[in-house]
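Accompanying notes for the structure given below.
4 protein chains.
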Amino acid sequence: MIIHMSRTAAAEDQARIYDKITAAGFQYEVIHGATGINVIGILGDLSRVPESYFRELAGVDKVVRISKAYKLVSREYSAKSKVIDLGGGVSVGAKELAFMAGPCSLESVEQMMTIGAYVSSMGIKIIRGGAYKPRTSPYSFQGMGLEGLKLLAEVRKKFGLKIVTEATGLHHHIDEAGNKEQRNVLENVIDYADIIQIGARNMKSYGFLQELGILTKDCKKPILLKRGDSSTLKDFLLAAEYIVANGNPNVILCLRGIRTFEEEKFQRYTPDIGAITVLKRESNLPVIFDPSHAVGYRASVPGAALAAVAAGADGLLIETHNDPPNAMCDGEQSVTEEQLRDIKRKADVIWNLFW
Amino acid sequence: MIIHMSRTAAAEDQARIYDKITAAGFQYEVIHGATGINVIGILGDLSRVPESYFRELAGVDKVVRISKAYKLVSREYSAKSKVIDLGGGVSVGAKELAFMAGPCSLESVEQMMTIGAYVSSMGIKIIRGGAYKPRTSPYSFQGMGLEGLKLLAEVRKKFGLKIVTEATGLHHHIDEAGNKEQRNVLENVIDYADIIQIGARNMKSYGFLQELGILTKDCKKPILLKRGDSSTLKDFLLAAEYIVANGNPNVILCLRGIRTFEEEKFQRYTPDIGAITVLKRESNLPVIFDPSHAVGYRASVPGAALAAVAAGADGLLIETHNDPPNAMCDGEQSVTEEQLRDIKRKADVIWNLFW
Amino acid sequence: MIIHMSRTAAAEDQARIYDKITAAGFQYEVIHGATGINVIGILGDLSRVPESYFRELAGVDKVVRISKAYKLVSREYSAKSKVIDLGGGVSVGAKELAFMAGPCSLESVEQMMTIGAYVSSMGIKIIRGGAYKPRTSPYSFQGMGLEGLKLLAEVRKKFGLKIVTEATGLHHHIDEAGNKEQRNVLENVIDYADIIQIGARNMKSYGFLQELGILTKDCKKPILLKRGDSSTLKDFLLAAEYIVANGNPNVILCLRGIRTFEEEKFQRYTPDIGAITVLKRESNLPVIFDPSHAVGYRASVPGAALAAVAAGADGLLIETHNDPPNAMCDGEQSVTEEQLRDIKRKADVIWNLFW
Amino acid sequence: MIIHMSRTAAAEDQARIYDKITAAGFQYEVIHGATGINVIGILGDLSRVPESYFRELAGVDKVVRISKAYKLVSREYSAKSKVIDLGGGVSVGAKELAFMAGPCSLESVEQMMTIGAYVSSMGIKIIRGGAYKPRTSPYSFQGMGLEGLKLLAEVRKKFGLKIVTEATGLHHHIDEAGNKEQRNVLENVIDYADIIQIGARNMKSYGFLQELGILTKDCKKPILLKRGDSSTLKDFLLAAEYIVANGNPNVILCLRGIRTFEEEKFQRYTPDIGAITVLKRESNLPVIFDPSHAVGYRASVPGAALAAVAAGADGLLIETHNDPPNAMCDGEQSVTEEQLRDIKRKADVIWNLFW
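Chains as they are written, first to last, in my numbering: chain A, -3 to 351; chain B, -3 to 351; chain C, -3 to 351; chain D, -3 to 351.
This is the structure:
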C-alpha cells in the first residue's frame, strides 16, 4: 500500500503515520519527492487492512493499494486459463466455442421439445431456460418453479443437451396462486442444473453468493455468474472471488450489457464488448457473452453476438424462441430458429480465425 | 398504452395490430398524424401487459405506457403523505425532522454506550448500528450478528432511543471463526429492530423483498429501503411496491448517492439530492437521505446533509463514531460528536424555513 | 406530438391546451383512456415547436414527440445508404471495408514516410495523422500546424493515399514558441484534407459545425464526425444534421467509446460497439469505428477493431506508429505494423461474411 | 510520478525503466514490496511528461501521478479563496451570496425592463440573459445577437445591475434570415458583458478557451465557466486552467447538473450538489450553482437552489421569466417573480448560518 502525502503535510503528520504503520506490525520505506511531495510505501501482507485505515490521517492526500483486491480468480495468481468440463465432451473455456441457447422462460412441454430439437440440430450442446424468474415488477409472471426444472431434465435426456438455469435469492418459490414450494429454490437448482446461473440482480447479494459457494463446495457444479448492470469489473471479479473463496472454483463469467447515459431506448443496455478483453487478461476464468440481455431487441442480437466472438469471448448465451411474439417473457429479444442458425454459422467462422 | 407507428408502416401492419389488441380483450382508438405517422391508443387495464407484447410487431416504432408502473406507493394513488409512527412520540414523515445517527457497525458495549449518550443528548431519537454487514470483499469483517442485536436492545432501553438496523439476504450468519447462527438473519432483525433497514445491494433482490413483505405483513414494522447505487428512481419505487404489495405499507425511502462517470475519487458516490424533490412528488412515502454513504469522506458529510434538508428531505441517516480513526468500518465517513451537533443545529434552522 | 394528461387533470386544463394548440395553428385529436388518462395528439408540422411549449401547462404529465428530431440524416428520410466517393476508386460505405490508419500526431518526415510505406503495402488506402491537436491540458504538445498539412500532402502524393486529418475550433494555431499562424485552421484543413475530421470534443460546438457546413457547401469534402464521449446517439445525429442542413451532405459517422461508470482504468472508454447497429438502422450515413480511442491500450485494440467489423461497421480508423514507445502522442494506444497487418487480414475475413 | 511494477516483472524490465528515467533527466528511488511488487518513484518536475511515457513498458502495472494535473487554479498553489470584484460594491466569492437571475434568452425591450425591475427590487445585483444561443437542433431560435447585447447595456444602466451573458464558439452570428454580423461574437461579448459566460457545450473547446484567455488578458473581465454535462471535475479544473494559464485569472466555476443513467426524465440532469464541497476544497476559485439547467423543471428549481447554498456554494445563477409559458427558450425551467422572491429570502437565511 502506498500513501501519497499532500504537499502541505507537516513533519509531525508524517511521524504520526510512521507510528500507526509500525503499531500495526508493518514496515515502511519513504520516497522524498523533488516537488515536496513524499510517498510512503507500507511493506507486508495488507490484504485485511482497508485503505481507510490510513486515508483519514492528517497530511494524507491519497492511499493506493498495490495488490489486486481479488486474488484466487486473478491471472496473476494462476496464469493458466481455467477450463470447465461439463462431461460428455462438452466444456467451457476450451478449444470449442461454448454456445448456449434457449428461451428466457420455460412455458410448456411442447415449447421446450420444439426448441430442444432445433437447438440440438445445429450442433449446440447447452440449452438455457428459466424456471424461477426474478422480475422488476411484482405484477409479472414469476416462472414454473420445480415443475420447470423437471421439464428441463426431460429435455436434457431426450436431446443429450446440458442445461443452464437460474437460481434466485428467494428461499421458497411462490406461484401466481400463492402456493409455496417446500424446498429451497437454490437447493432445487443445484440438484437439476448442469450449470447454475446467478442473475445480474443478485451479483451483489454477498450473503447469497457465500451460501452458494458453501452449498456447492462438494459437487463443484459450475456457476455462471452474470455481471450486474452497473457493477464495475473489479466488483464483478470480487463477486466471483466470493464463490471461489467459499469452496467452488468453477465459475464462468458472463457479460451482458451495462447501464449508461443513453436516453432513447435504441438498445436496452450498452453491450460491454470491451470488457471481454479486460477480463480475459485480468482473470483466468472463462468469459462468455449474453447479447440478448445486452441489446434487448432481436434485430440487434446477431451483431452483438458476432462482435463478442470477434473480441475473444469463450462462448455465447442467447435467447431463442419458437414463437417470439407470443413468448411469456423477453419475446422481443429472442431470436428465431433461422437467425440462430445464421449466428452459429458466422460465429464458427470468426472463432476459427483465432485457432 | 400508446403505439407510435413508423412513417413507413403498411396498412396491413396496422390491421395486424388491431387484431392483436382485440384478441387480447382491449379496445383502441387511432390518431392519423398529418406527417404520415399514426398513433394507436389501447384502452383498458394494461397493468399486466408488457410493452413488448406490441413492440416487436411489424410497423411499430415505439410503445409508451401511460400509467405508472408502480401504483400503491404513488402519490397519484394516494395523495396524502404517509406518516410512519414509531410510538413514544417519534415519527418519520411528520412535522419533525427525522434524525437518525450512529456507527456503521456495532463493535462493543463501551462504544455503543458512549455514542448512545451523546446522540440522545442532542435530542436525536433514533440510533443506527449494523449487526450484519454485507461487504464487497469476502475478506472483510462481517459483523457481530445476534449479539449485536441484543446490544442494540440495551441501548434502546437505557437511552429511550428507537433503533434502525440492517437485515441482509443471507439466511444464516457465519462469524469469522466459521460458526453459523441457528436462526434466520431476517427473522432476528424483525424481532429486534424498530426500523428494518434494507441495504442498497439488496434493493433488486426481489425474492428477498417479497419474503420481507410477507414476514412483516402482521407486525407492519417500518422498512427503511435504500436506493441501489445504480437504480433508476422507477426501479426504486418498484422495489418499494414489492414490499407494499406483499403486505407491509410502512416503507421509508432512503437516498444515498449514485454511481456516475466521475473518475477521481473526490467523493465516493454522487449524492442524488435532486431525487428528493422527485420522490416527494411521485410517491406518498417519506424520503430521507444518507449523506455518509453518498460522499464517503467526513469533511463532505455536513454539506450533503444540510443540502438534503434544504431540498425537502423528511430526515437524515448519518454515521457517527466516538473514535473514527479506529472504527472497524466506514471510519472515514463517520462524523465526530462535535460535527454531528453542528449539523443537527443547522439542519433544524433550515427545516423550520418550511413550516 | 402527443400529450399525456395526468390522471388528475381537470376539464379546464384540457380546454386550455386545446386553445393553445389551435392558437398555434394546429389541429388535434383526443383518446379518452379507460383508466382516466387522456391523450391528445397534435396534428401538423411541429418541427419548430419544442416539447416545452406544452409540457409546463397544468394537467400535463408528459409530452412525446412522434417525429425524429433529426431529418436529413435519417433512414426514414432517405432509405438508401449513402456512399462517400473519395475518387481514385476509394470510397466509404460501399462494398469494401474502409480502412484508415496512421499516427495520432504528425511528428517528422521520416516518421510519415515509414508509416506511409507500410500502411500502403497492406492495401490500406487512407492514412490519418493530426496536424492540429486539441489537448485536455494546456501544457501538452499542440501539433505541427500548417507544416504538418504540407507533409501529409507529400505522403499522399508519394504513396497514392487519401488523407484524413482533424480541424479544431481554434481560429489561429499558436505553436509552442507562441507564434500564430496567419490563416484560419479550418480553412487550412479544408484545403489539404481528403476527409476533414471533427473531434469528439467539438461535436457539440454548434457554431463551429454550422461554419463548417457553410465553408464546405461548395467543395462538399467529406466530414468525419466523431461522437462526443458522453453524447447520446440522438445528439450525435443532430450534430451531423447541423452540417448537412448547412450545405454539406457528405458526413461519415465515427464511433469511438463512451464514458461510463467504470472506476479502474482497465480501458480508457467503453467501446460503443452496440451503437453501430443502431446508427446503421436510424441513419443512412456510413458508420466507422475508432478502436484506438475507445480502449486506449494497444493490447485491447485488435479485439475492439474486429468486434466493430463483426457488428457491421463500414470501416475502421486505427492509430499506428513505427515506434510506439517514443510517439509524441497516444503511443500506448498505437498498434505496431505487425499488429495492424494481423487486424487487416482478420477484418477482411469477417467483412466477407456479410457479402 | 510513481510506477507500480507487476508481480511478474523481470529484473531486466526494471533495468529498462531505470534507463528510460535517467535518459529523460530524472532520478528515481525504489521501494521493494514484501509481496513481490516493487514501486519506483520518479523525482523531478514531471508536469510535461505524460503517464503514457512509462505505462506501456514491459513489467509496468500502473503509473500514478502524484502532482495535480491542474496547478494555478488549485488550492494547493494558492490557499486563499479568490474574490472577484465586479465594482460598485458587487463581488463573487466574498461575504455576500452572489445572486444572478434573468431570462434564458433576450426577447424584447419590454421583457427585459419588466424582469430588470423585479430582479433589482429584490436586492439582486446581477442579471443574466443570452444574446447568442447555442442550440442542440439546427432548427431552433439562435438569439438576438448584437442587438441583444445593446439591450443588456440599457438594462444595466437603468437598474444599476451587472450583466452576465454567454459567448459562443461561432465566429460570426447568423440570424434566422441568414444575415451575418460583421464582428466576431467573442469580441462583442467581451465588450458588453460584466461577466463573460462560457457554456457547458464549449467547456472542452480548448482552442476557444485559449483564445478567450488571450483576448481577455488585458481587461481581465471575469469568466463564468460552466461544467460540461459529462465532464469530470478534473477536466473542469483543467478547462479553467486553460483560461488562467493564457492570462486571465478571474474565473468563476459554475456547476449545473450532470448526465447520469436515469431513464425517466423526472429531471433534466442530476444536480451535482456534492461537487460544490469538492471544488471549494480542490480549488481557490469561487463556485456557483445553476439550478435551472440542473433540474430543468420549474417545480424542482427552489429545492436545488437552496440545497446548493446549504452545501456551501458562493452564489446562484437562476433563470426567471415574466411570462414563462410564452418564453422563447427554457420557459419550463424559468421561475416566476414570486418563486424567485421566495428562493432569495430562504437562501439568505441559509447563507447566514455559515457566517
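We put the beta carbon where it would ideally sit given N, CA and C, even for glycine.
| request: Rounded to whole angstroms, what's the CA-CA distance from Asp57 (chain B) to Ala5 (chain B)? Just pull it up for me. | output: 9 Å
Could you give the distance in angstroms between the alpha-carbon of Phe232 (chain C) and the alpha-carbon of Arg223 (chain C)?
If I take the Cα positions, the gap works out to 6 Å.
*Identify the contact partners of Gly29 (chain A) in chain D, using a Cβ-Cβ distance below 8 Å as the criterion.*
Residues of chain D whose Cβ lies closer than 8 Å to the Cβ of Gly29 (chain A) are, in chain order, Gly37, Leu39, Ile62.
Check: What are the boundary residues of the alpha helix (DSSP H) that Lys146 (chain B) is part of?
Finding: 142 to 155
Note to self: Please give me, in chain order, every unbroken run of the beta strand (DSSP E) with length at least 3 that falls completely inside the region 184 to 218 of chain A.
What the structure shows: 191 to 194
- So, helix, strand or coil for Thr0 (chain C), using DSSP? It should be pointed out that residue 0 (chain C) corresponds to His in this sequence rather than to Thr. Looking at His0 (chain C) - three-state DSSP - the assignment turns out to be strand.
**Item:** Contact list for the region 327 to 347 of chain A against chain B, Cβ threshold 7 Å
**Value:** The residues in question are Gly327, Glu328.
Does DSSP classify Ser43 (chain D) as helix, strand or coil? coil
Contact set for Ile255 (chain A): own chain, Cβ-Cβ below 8 Å, skip 5 residues either direction: First, the amino acid is wrong: residue 255 (chain A) is Arg here, not Ile. Hits under 8 Å: Asp225, Ser226, Tyr265, Thr266.
Self-check item: Cross-chain neighbours of Phe257 (chain A) in chain D, by beta carbon under 8 Å
Solution: Ser226, Arg255, Thr256, Phe257
(Q) Just to confirm my understanding: we take Ser70 (chain C), look at its own chain, exclude 5 residues before and 5 after, and list those with CB closer than 8 Å. What are they? (A) Lys64, Leu233, Glu278, Ser279, Asn280
| query | Between Lys129 (chain C) and Leu157 (chain C), what straight-line distance do the alpha-carbon atoms span, to the nearest angstrom? | reply | Pairing Lys129 (chain C) with Leu157 (chain C), the inter-Cα distance amounts to about 22 Å.
Spell out whether any CB of chain A is found under 8 Å from the CB atom of Asn198 (chain B). yes
Q) Given Val86 (chain A), which residues of its chain have a CB within under 6 Å of its CB, disregarding the five upstream and five downstream residues? A) Lys121, Lys158
Problem set entry | Candidates A:Tyr66, A:Pro218, A:Glu162, of which the one nearest Ile248 (chain A) by Cα | A:Pro218
Gly299 (chain B) vs Gln329 (chain B) beta-carbon contact at 8 Å
no
- [ ] Step through the CB atoms of chain C and report whether any lies within less than 8 Å of the CB of Glu72 (chain D).
- [x] False, the Cβ-Cβ gap to chain C never drops below 8 Å.
Kindly indicate the opening and closing residues of the alpha helix (DSSP H) around Tyr73 (chain A).
Counting along the chain, Tyr73 (chain A) falls outside any alpha helix (DSSP H), and DSSP gives it neither H nor E.
### Message
Can you look up Tyr365 (chain C) in the DSSP assignment and give me helix, strand or coil?
### Response
This structure leaves residue 365 (chain C) out entirely; chain C is present only between -3 and 351.
| Any idea if Asp187 (chain A) is buried or exposed, counting beta-carbon neighbours within 10 angstroms, 16 or more meaning buried? | exposed
- Count the other C-beta atoms from every protein chain shown that fall within 10 angstroms of the C-beta of Asp214 (chain D), then say buried if there are 16 or more, exposed otherwise. Counting Cβ neighbours within 10 Å, Asp214 (chain D) comes out exposed, since fewer than 16 surround it.
**Request:** Check Pro20 (chain B) in the structure and name its three-state DSSP category.
**Result:** One detail in the question is off: residue 20 (chain B) reads as Ala in this sequence, not Pro. Here Ala20 (chain B) sits in coil by DSSP.
CB of Pro287 (chain A) within 8 Å of CB of Ala306 (chain A), strictly:
no
*Close Cβ partners of Lys89 (chain C) (< 7 Å) along its chain, the five nearest in sequence each way excluded*: Looking at the sequence provided, one finds Gly at residue 89 (chain C) rather than Lys. Here the set comprises Ser77, Lys78, Val79, Ile80, Pro282, Asp310.
Contacts around Leu53 (chain D), its chain only, beta-carbon distance under 8 Å, and the 5 residues preceding and following it disregarded:
Asp9, Arg12, Ile13, Lys16
- Message: Tell me the rounded alpha-carbon separation between Ser2 (chain C) and His28 (chain C).
- Response: 12 Å
Practice task
Note down the Cα distance separating Pro320 (chain B) from Ser104 (chain B), rounded to an integer number of angstroms.
Solution key: 14 Å
Test: Gly144 (chain A) CB closer than 8 Å to a CB of chain B: No, Gly144 (chain A) lies away from the interface with chain B (no Cβ there is under 8 Å from its Cβ).
Chain A contact residues for Pro321 (chain B), given Cβ-Cβ distances below 8 Å: Around Pro321 (chain B), the beta-carbon contacts reaching into chain A at under 8 Å are Glu52, Leu53.
Beta-carbon spacing of Val60 (chain D), Val60 (chain A) below 8 Å
yes
List the endpoints of the continuous alpha helix (DSSP H) containing Lys342 (chain A).
-> 333 to 348
Buried or exposed: Trp351 (chain A), going by 16 or more other Cβ atoms within 10 Å of its Cβ? exposed
**OP:** Let me know if Gly270 (chain C) comes out buried or exposed under the rule of 16 or more other beta-carbons within 10 Å of its beta-carbon.
**Re:** Residue burial annotation: Gly270 (chain C) is buried, with at least 16 other C-beta atoms found within 10 angstroms of its C-beta.
Taking the beta carbon of Arg197 (chain C) as the centre, do at least 16 other beta carbons fall within 10 Å, making it buried, or is it exposed? buried
DSSP on Glu106 (chain D), reduced to helix/strand/coil? helix
With 8 Å as the threshold, decide whether the Cβ of Thr164 (chain D) is near any Cβ in chain C.
-> Any Cβ of chain C closer than 8 Å to the Cβ of Thr164 (chain D) would place that residue at the interface, and such an atom is present.
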